[in-house]
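Protein chains in written order, with numbering that gives the first Met the number 0: chain A, 0 to 239; chain B, 0 to 239.
We put the beta carbon where it would ideally sit given N, CA and C, even for glycine.
If you're wondering where the values come from, they're calculated on a predicted model, not measured in any experiment.
Encoded as structure tokens, the structure appears first; notes follow it.
2 protein chains.
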Amino acid sequence: MSGGLDSAVTLAAACAEFGPARVAAITFDYGQRHRVELAAAARVARAAGIDPARHVTLRIDLRAIGGSALTADIDVPKDRLAHADPPPAGAHEIPVTYVPARNLIFLSCAAALAETIGADRIDIGANAVDYSGYPDCRGPFLRAFEAAANAGTKAGAEDGRTLRVHAPLLRLSKVEIIRLGARLGVDFSLTTSCYDPRVDNDRALACGRCDSCVIRARAFAAAGIADPTAYDHAGRSTRA
Amino acid sequence: MSGGLDSAVTLAAACAEFGPARVAAITFDYGQRHRVELAAAARVARAAGIDPARHVTLRIDLRAIGGSALTADIDVPKDRLAHADPPPAGAHEIPVTYVPARNLIFLSCAAALAETIGADRIDIGANAVDYSGYPDCRGPFLRAFEAAANAGTKAGAEDGRTLRVHAPLLRLSKVEIIRLGARLGVDFSLTTSCYDPRVDNDRALACGRCDSCVIRARAFAAAGIADPTAYDHAGRSTRA
């Protein structure tokens with residue numbers, strides 16, 4: 000649960016299905032530049048009715064591994080998607096904001112938590128539709144992970160319980176995700192999607208220019224839902 | 000690379016195969032009670048000829064997840080194996096020292112490092128023979144993980160590189176592991192295996208009584224190799 004739009008909608012869907020008392024959440028403090036998302040995640044989980052004692056924040060310093068603009072001193076690309084629709088050549092390539100094996104690591108930790116608390120499903124807001132072609136957001140990976148987790152945990156290998164990985168957003172467009180969230184009552188103003196926000200009093204002001212901002216803003220417009228994102232207007236004006 | 004006997008032998012085998020300049024090592028600071036193994040890991044890696052800049056220590060606080068005697072305030076069992084050979088009923092069950100999904104998490108992080116540095120093999124000292132039947136130390140899990148890592152990383156999914164998981168100790172007994180390590184020139188006095196050591200000046204004094212100590216001591220005896228382990232004689236005397 001990142002504090003972003005996708006995981007907020009995924010959490011809301013799980014709470015609608017099971018009730019928030021039967022849902023736990025896990026958030027990763029992994030050395031991301033956009034650490035303000037941790038505060039957003041806490042706000043989103045509380046709004047969904049998750050007991051704060053069942054919202055685990057796991058610290059894992061992926062900066063020690065390196066390799067991504069999201070954790071290292073590599074510039075987050077901007078204005079790549081802003082002026083082109085359909086996406087420009089190259090936009091389907093894996094971007095520098097890809098963190099090596101991030102969902103593999105995050106799902107592994109979620110599997111450990113699931114085993115510890117006796118949960119039998121991991122819900123993840125992975126999405127294979129938007130422009131960012133991360134390999135660890137695709138169905139074949141999620142199925143392969145499920146098999147590995149079941150082979151490698153006591154619950155799966157010994158107790159005959161099966162851990163499932165559920166990705167309700169996998170085949171939805173961003174517009175569909177926003178519409179689903181709106182139906183589920185998600186307060187999108189609590190979420191943050193920007194890869195490179197300016198932080199003001201523990202609140203994220205979105206740059207409006209990174210891939211993630213551009214995809215999000217377009218989707219609100221296409222869904223016909225008012226975009227509640229707090230933008231960094233000082234930052235945006237430099238684009239004009 | 001834990002600083003234990005198995006990973007020291009695994010590292011030595013990789014260095015013998017490729018030369019230490021082509022090997023990187025990753026060690027996990029995961030909130031283990033036996034943190035002194037981090038110092039042991041550094042000593043073992045240096046002795047193997049690994050450039051300290053290529054020995055990554057990743058902090059991941061698995062105490063936030065809980066569920067194991069190795070990270071939580073659960074007593075490490077002692078004297079379970081000391082007086083029985085073959086092992087007593089129940090010794091094949093998964094013990095409380097099992098950390099949920101630990102190798103799944105560790106291998107995922109190793110896969111991230113492998114992708115970042117362009118490595119195509121992860122070597123792990125997993126062993127399916129000794130008495131501790133951890134599901135994430137078995138061949139089927141390692142194969143399933145390999146498939147997940149290849150589906151979920153840029154290297155596997157896009158670049159056509161294949162990441163392999165190599166577990167050279169998987170089917171060796173502890174006696175065979177010690178004999179292999181001796182042939183490879185491993186200095187076992189640098190390693191630490193105890194789940195509950197007493198620390199004296201950054202050095203581990205082994206309790207001699209936990210499953211890990213008992214398995215190790217027996218194996219040195221059976222291999223006919225002098226056991227260089229520094230035991231906590233004060234602690235051992237309480238057993239008599």
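Under the three-state DSSP convention, the category residue i falls into
i, result
"His165 of chain B", "strand"
"His54 of chain B", "strand"
"Asp210 of chain B", "helix"
"Ala7 of chain A", "helix"
"Leu183 of chain A", "coil"
"Thr240 of chain A", "Outside the displayed range of chain A (0 to 239) lies residue 240 of chain A, so it cannot be described from this structure."
"Tyr130 of chain A", "With a pLDDT of 45 at Tyr130 of chain A, under the threshold of 50, the modelled position of this residue cannot be trusted; read the value that follows with caution. Of the three classes helix, strand and coil, the one that applies to Tyr130 of chain A here is coil, per DSSP."
"Val43 of chain B", "helix"
"Asp201 of chain A", "coil"
"Arg120 of chain A", "strand"
"Ile104 of chain B", "helix"
"Ile64 of chain B", "coil"
"Ile177 of chain B", "helix"
Beta carbon of residue i nearer than 9 Å to that of residue j
i, j, result
"Gly18 of chain A", "Leu61 of chain A", "no"
"Ala100 of chain A", "Cys108 of chain B", "yes"
"Ala38 of chain A", "Arg215 of chain A", "no"
"Leu10 of chain A", "Phe187 of chain A", "no"
"Phe140 of chain B", "Ala156 of chain A", "yes"
"Leu168 of chain B", "Val8 of chain B", "yes"
Residue-level contact to chain B via CB, residue i, 9 Å cutoff
i, result
"Asn126 of chain A", "no"
"Val35 of chain A", "no"
"Pro134 of chain A", "yes"
"Leu57 of chain A", "yes"
"Ser6 of chain A", "no"
"Ile53 of chain A", "The sequence shown places Arg at residue 53 of chain A, not Ile. For Arg53 of chain A, the answer is no, since every Cβ of chain B falls outside 9 Å of its Cβ."
"Lys153 of chain A", "yes"
"Phe187 of chain A", "no"
"Thr115 of chain A", "yes"
"Asp248 of chain A", "Nothing about residue 248 of chain A can be reported from this structure: the residues present for chain A run from 0 to 239 only."
"Val98 of chain A", "yes"
"Ala218 of chain A", "no"
Distance, residue j Cα to residue i Cα
i, j, result
"Ser6 of chain A", "Gly184 of chain A", "14 Å"
"Thr152 of chain B", "Thr26 of chain A", "21 Å"
"Ile64 of chain A", "Arg163 of chain A", "28 Å"
"Val213 of chain A", "Gly207 of chain A", "6 Å"
"Leu204 of chain A", "Ala229 of chain A", "5 Å"
"Asn126 of chain A", "Gly180 of chain A", "14 Å"
"Ala46 of chain A", "Arg58 of chain B", "30 Å"
"Thr190 of chain B", "Ala13 of chain B", "17 Å"
"Ile49 of chain A", "Ala218 of chain B", "49 Å"
"His165 of chain B", "Ala23 of chain B", "14 Å"
"Arg21 of chain B", "Leu106 of chain A", "29 Å"
"Ser1 of chain A", "Glu36 of chain A", "6 Å"
"Leu103 of chain B", "Ala154 of chain A", "14 Å"
"His232 of chain A", "Ala221 of chain A", "22 Å"
"Ile116 of chain A", "Arg53 of chain A", "10 Å"
"Ser211 of chain A", "Arg34 of chain A", "15 Å"
"Arg137 of chain A", "Val128 of chain A", "9 Å"
"Glu16 of chain A", "Arg160 of chain B", "40 Å"
"Val98 of chain B", "Asp199 of chain A", "39 Å"
"Tyr133 of chain A", "Asp28 of chain B", "28 Å"
Min CB distance residue i to chain A below 9 Å
i, result
"Ala44 of chain B", "no"
"Leu168 of chain B", "no"
"Arg120 of chain B", "no"
"Leu106 of chain B", "yes"
"Ile64 of chain B", "yes"
"Phe144 of chain B", "yes"
"Leu204 of chain B", "no"
"Leu171 of chain B", "no"
"Arg101 of chain B", "yes"
"Pro139 of chain B", "yes"
"Leu179 of chain B", "no"
"Leu41 of chain B", "Note on residue identity: the sequence assigns Ala, not Leu, to residue 41 of chain B. No, Ala41 of chain B does not count as interfacial toward chain A."
Would you check if there are 3 or more beta carbon pairs closer than 8 Å linking the stretch 222-229 of chain B to the stretch 40-55 of chain B?
no
Looking at C-beta atoms only, is the number of pairs between the stretch 119-129 of chain A and the stretch 166-180 of chain B that lie closer than 8 Å three or more?
no
Below 8 Å, how does it come out for the stretch 153-172 of chain A and the stretch 189-197 of chain A: are there three or more Cβ pairs, yes or no?
no
Segment contact, 8 Å Cβ cut-off, at least three pairs: the stretch 144-151 of chain A with the stretch 143-156 of chain B
With the cut-off at 8 Å, the stretch 144-151 of chain A and the stretch 143-156 of chain B touch.
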